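Protein chains in written order, with the working numbering: chain A, 120 to 489; chain B, 42 to 216. Note that CB positions come from ideal geometry on N, CA and C, so glycine has one too. Being a predicted model, the structure only gives us computed values, none of them experimental. The structure appears right after this line, and notes come after that.
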């Protein structure tokens with residue numbers, strides 16, 4: 120009689136494909152996964168406790184450090200939440216610059232997601248191509264605010280600096296440069312037969328499960344729901360632009376598989392380019408600091424504000440008691456919610472697929488652990 | 042799409058005892074107060090009722106209200122007497138596109154709230170976080186253990202307003 124028992128395998132905390140410090144406890148039956156238990160908290164620094172001791176403008180550098188691949192968008196969301204709490208109307212030019220920065224950040228973040236996903240699966244070359252293009256965006260950010268990763272650029276009611284006089288020209292050049300590169304990336308990775316075999320029909324996320332688990336962003340759209348906060352709960356000036364919301368269609372397998380989640384990000388980069396082109400053509404002149412309040416002291420109340428971060432719905436729940444410091448700041452981190460669905464996705468797959476599935480939901484541990 | 046007032050009236054008619062009140066006014070969000078030991082059945086109704094269809098729990102957050110009487114202790118630290126804790130539920134409907142905020146409030150001595158993790162699966166981790174940070178005890182939760190702090194953390198709940206840093210952790214001096 121053959122003796123069989125379940126094997127427990129630890130993946131991480133130091134594992135290249137966990138995209139940070141994450142430990143997955145895999146329960147295996149041979150090579151088939153019975154359950155996955157993520158253990159998080161290795162990067163925990165209690166951001167929310169820090170917030171209660173600081174004034175609102177002081178919090179902005181801290182929100183950069185949550186989702187460090189999309190720092191611009193974190194600032195965008197936080198500034199928007201405090202502005203709504205204080206009823207501040209920001210100048211038109213500021214809104215345009217925020218949208219431009221936000222969409223550039225979305226492309227940069229998706230490039231990391233796509234590049235490292237290839238790397239996880241074994242394709243080294245596309246990663247280098249993605250980082251070469253991301254570098255151009257980081258140069259644009261560096262030109263704007265001096266920082267390449269953590270910006271402290273979007274302030275409550277305005278921005279820290281106006282854009283560089285040549286910024287618009289360089290951004291146009293970037294758009295023209297980047298468009299053909301997307302096609303190149305598709306040829307290199309997207310339609311590669313080995314890549315499709317590794318990702319199509321793997322880790323299928325049905326729509327009901329996705330909604331019930333609160334999964335948002337590209338992962339939800341890949342499962343087939345046309346849901347994008349830029350249009351469904353409009354903020355800033357996104358209603359002025361024309362763009363599509365790509366939805367997963369099961370191009371090479373089933374709706375909501377890893378390939379769909381990957382390809383949605385490629386399509387979203389194209390849509391972001393469309394928004395960028397329109398925003399650059401329409402950007403008005405004006406002052407950028409006229410609405411920055413001297414003292415940020417919101418009235419008593421609470422507000423939940425959400426924006427469409429590259430990873431999904433990023434929400435800030437702020438409770439103010441009418442003081443200079445917030446009473447409570449709670450962040451709804453999209454990666455935190457997306458990671459909780461991992462067990463459902465991995466059940467019944469092989470060990471090698473865990474890496475493919477984990478890469479496809481695109482998590483950033485800085486945001487999960489906060 | 043229904044306003045918060047409409048949703049409150051539907052709930053009040055169905056659960057006259059358990060639904061307490063609605064607070065409106067901007068920039069405050071509209072909040073419906075619920076009895077902490079009936080949030081489970083109200084959530085089932087919210088999700089399954091055909092006119093509401095709240096299929097998505099956006100966020101579940103625990104809050105220390107710090108509204109008790111502040112008492113300074115001999116060593117300079119302080120604690121609250123008769124303090125209350127709250128849990129906020131932001132729920133929305135992806136098909137009908139309305140959203141609402143629910144709140145339950147419990148005393149700090151007996152912070153017991155019903156779990157909603159069987160209704161919205163994402164509540165599992167959110168509730169673990171609220172337990173970890175604020176110390177709210179979710180009844181009938183399948184696996185209520187710490188999530189962000191170390192599993193063996195025994196120095197209280199960090200996001201409580203009267204939290205004191207421990208002097209030592211695992212034999213190491215930390216503060």
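C-beta neighbour in chain A for residue i, strict 8 Å
i	result
residue 182 (chain B)	no
residue 188 (chain B)	yes
residue 165 (chain B)	yes
residue 129 (chain B)	yes
residue 104 (chain B)	yes
residue 70 (chain B)	yes
residue 77 (chain B)	no
residue 200 (chain B)	yes
Residue i at chain B interface by Cβ criterion, 8 Å
i	result
residue 333 (chain A)	yes
residue 423 (chain A)	yes
residue 165 (chain A)	yes
residue 512 (chain A)	Lying outside 120 to 489, the shown extent of chain A, residue 512 (chain A) is not represented and no answer is given.
residue 95 (chain A)	Past the edges of chain A, shown from 120 to 489, lies residue 95 (chain A), and the structure says nothing about it.
residue 359 (chain A)	no
residue 197 (chain A)	no
residue 481 (chain A)	no
residue 437 (chain A)	no
residue 488 (chain A)	yes
residue 268 (chain A)	no
residue 274 (chain A)	no
residue 147 (chain A)	no
Where residue i meets chain B, residues with beta-carbon distance less than 7 Å
i	result
residue 434 (chain A)	99 and 100
residue 160 (chain A)	188, 189 and 190
7 Å CB neighbourhood of residue i in its chain, flanking five on each side removed
i	result
residue 236 (chain A)	381, 478 and 479
residue 198 (chain A)	273, 274 and 275
residue 183 (chain A)	190, 193, 194, 269, 270 and 271
residue 377 (chain A)	318, 321, 322, 475, 476 and 479
Beta-carbon proximity of residue i to residue j, cut-off 8 Å
i	j	result
residue 201 (chain B)	residue 175 (chain B)	yes
residue 141 (chain A)	residue 131 (chain A)	yes
residue 228 (chain A)	residue 429 (chain A)	yes
residue 303 (chain A)	residue 248 (chain A)	yes
residue 283 (chain A)	residue 319 (chain A)	no
residue 141 (chain B)	residue 166 (chain B)	no
residue 356 (chain A)	residue 218 (chain A)	yes
residue 124 (chain B)	residue 109 (chain B)	yes
residue 365 (chain A)	residue 175 (chain A)	no
residue 335 (chain A)	residue 431 (chain A)	yes
residue 230 (chain A)	residue 294 (chain A)	no
residue 433 (chain A)	residue 412 (chain A)	no
residue 162 (chain B)	residue 187 (chain A)	no
residue 196 (chain A)	residue 162 (chain A)	no
residue 208 (chain B)	residue 180 (chain B)	no
Other residues of its chain near residue i: CB distance less than 6 Å, five sequence neighbours each side excluded
i	result
residue 218 (chain B)	For residue 218 (chain B) there is no data in the structure shown, the boundaries of chain B being 42 and 216.
residue 403 (chain A)	211 and 212
residue 130 (chain B)	101 and 143
residue 64 (chain B)	72
residue 223 (chain A)	256
residue 84 (chain B)	157 and 160
residue 239 (chain A)	136, 474 and 478
residue 156 (chain A)	144
residue 258 (chain A)	none
residue 97 (chain B)	133 and 135
Under 7 Å from the C-beta of residue i: neighbouring residues of chain A
i	result
residue 74 (chain B)	By Cβ distance, chain A contributes nothing, its closest Cβ being about 14 Å from residue 74 (chain B), past 7 Å.
Chain C within 8 Å of residue i, Cβ atoms only
i	result
residue 449 (chain A)	No chain C appears in the structure shown, which is made up of the protein chains A and B.
Residue i Cβ short of 7 Å to the ligand ATP heavy atom set
i	result
residue 288 (chain A)	Absent from the structure shown: the ligand ATP. Ligands present: none.
Closer than 8 Å at the beta carbon, the chain A residues around residue i
i	result
residue 96 (chain B)	330 and 331
residue 138 (chain B)	351
Beta-carbon contacts of residue i that lie in its chain and below 8 Å, excluding the five residues immediately before and after
i	result
residue 410 (chain A)	207, 208, 209, 210, 213, 276 and 277
residue 171 (chain A)	444, 445, 446, 447 and 448
residue 215 (chain A)	356, 398, 401, 402 and 403
residue 225 (chain A)	189, 192, 387, 388, 391 and 429
residue 285 (chain A)	262
Under 8 Å by beta carbon: chain B residues contacting residue i
i	result
residue 178 (chain A)	Under the 8 Å cutoff, chain B gives no residues; its nearest Cβ is about 15 Å from residue 178 (chain A).
Contacts of residue i in chain A (Cβ-Cβ under 9 Å)
i	result
residue 220 (chain B)	This structure gives no information on residue 220 (chain B), because the portion of chain B shown stretches from 42 to 216.
Proximal chain B residues relative to residue i, where beta-carbon distance stays under 9 Å
i	result
residue 168 (chain A)	174, 199, 200 and 204
residue 344 (chain A)	135
Cβ-based contacts, 9 Å cut-off: residues of the region 454-474 of chain A near chain B: Shown in chain order are the members of the region 454-474 of chain A whose Cβ falls below 9 Å from a Cβ of chain B: 455, 456, 458, 459, 460 and 463.
field: Interfacial residues, the region 145-177 of chain B to chain A, with Cβ spacing under 9 Å
entry: Residues 160, 161, 162, 163, 164, 165, 166, 167, 170, 173 and 174.
query: What are the residues of the region 109-134 of chain B that lie near chain A, defined by any Cβ-Cβ distance shorter than 8 Å?
result: For the region 109-134 of chain B, which is checked against every Cβ of chain A, the residues closer than 8 Å are 129 and 131.
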